[in-house]
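Numbering (our numbering), first residue to last: 6 to 75.
All residues carry an ideal CB built from backbone N, CA and C; glycine is no exception.
Notes follow the structure.
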């Protein structure tokens, strides 16, 4: 099942916070990006902010191929 492409998020953060994030990610065997996503989802769930589900792109076999030029 193909999913929506990810987007880039760039921000500055204090070095000690980054170190804590890296430690948390390592302990959970996650990438830093995945750890941030988990933290955001947990925070939003805790304070009642809904997160819209990812939009699913059509499966490749349901997309009609374009005719080839000869």
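Straight across, the Cα-Cα distance linking residue 43 with residue 24 is about 17 Å.
C-alpha of residue 34 to C-alpha of residue 17: approximately 23 Å in a straight line. In the three-state reduction of the DSSP assignment, residue 20 falls in the helix class, which pools H, G and I. Residue nearest to residue 10 within the set 51, 27, 59 and 54 is 59 (criterion: CA-CA distance).
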